[in-house]
Amino acid sequence: MTEAKSGDKVRIHYTGTLQDGTVFDSSQGRDPLEFTVGSGQVIPGLDKHLPGMTVGETKTVTAEAGEAYGPPHDDAIQDVPREQIPADLPLDIGTQLQMQTPQGQAIPVRVVKVTEDTVTLDANHPLAGEDLTFAIELVEIA
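Residue 1 is where the sequence shown starts when you use this note's numbering, and the numbers rise one by one after that.
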């Protein structure tokens with residue numbers, strides 16, 4: 001039976017959970033995720049477990065934070081004066097917004113704190129610092 005190897009295009013079904021069992025993403029009910037093994041298209045902590053798998057094989061793997069979305073960085077959290085935020089933007093905790101760098105690049109941020117004078121925005125990936133568990137099934141090797 002053919003085993004997946006680096007450079008192969010594969011299709012997998014997966015369910016990703018946090019350490020407490022909370023599901024953060026799943027391909028169930030959707031088309032399988034398609035990517036090339038070893039290409040950097042998925043997080044390293046998932047990618048490294050694909051070589052050697054055969055079609056139909058299932059396994060559960062853990063991607064530690066360093067091989068997932070990395071640790072959270074304090075310098076990615078910024079206090080912005082409230083008057084610099086457009087009045088029509090929702091500022092509920094957890095709201096996703098976009099900021100632009102001076103070079104015009106869009107950066108997704110989350111509202112993490114709101115005071116009378118400032119809005120604290122976090123540009124860390126929402127899963128930064130989290131160890132992630134994936135239940136995976138190799139559906140196809142193309």
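The C-beta atom is built at its ideal place from N, Cα and C for all residues, glycine as well.
What does DSSP give as the partner residue(s) for residue i in the beta ladder?
i          : result
residue 81 : 118
residue 69 : According to DSSP, residue 69 bridges with nothing at all.
residue 3  : 54
residue 13 : 137
Tell me which same chain residues have a C-beta within less than 7 Å of the C-beta of residue i, skipping the five on either side of it?
i           : result
residue 141 : 2, 4, 8, 10 and 55
residue 106 : 98 and 100
Could you give the C-beta distance for residue i and residue j, rounded to a whole number, given that I count them as a contact under 8 Å?
i          : j          : result
residue 16 : residue 71 : Not a contact, Cβ separation roughly 18 Å.
residue 93 : residue 12 : With 8 Å as the limit, residue 93 and residue 12 do not qualify as a contact, their Cβ atoms being about 34 Å apart.
With a threshold of 8 Å on Cβ separation, who are the neighbours of residue i within its own chain once the five nearest residues in sequence on each side are excluded?
i           : result
residue 104 : none
residue 61  : 45, 46, 49, 133, 134 and 136
Take residue i and list the residues in its own chain whose beta-carbon comes closer than 6 Å to its own, dropping the five residues that flank it on each side.
i           : result
residue 114 : 91
Check: For the stretch 24-34 against the stretch 112-121, are there 3 or more C-beta pairs whose distance is under 8 Å?
Finding: No, the stretch 24-34 does not touch the stretch 112-121.
Next item on the list: Let me know the alpha helix (DSSP H) ranges lying completely inside the stretch 17-58, each 4 residues or longer, listed in chain order.
Entry: Runs of alpha helix (DSSP H) with 4 or more residues, each lying fully within the stretch 17-58, are found at 44-47, listed in chain order.
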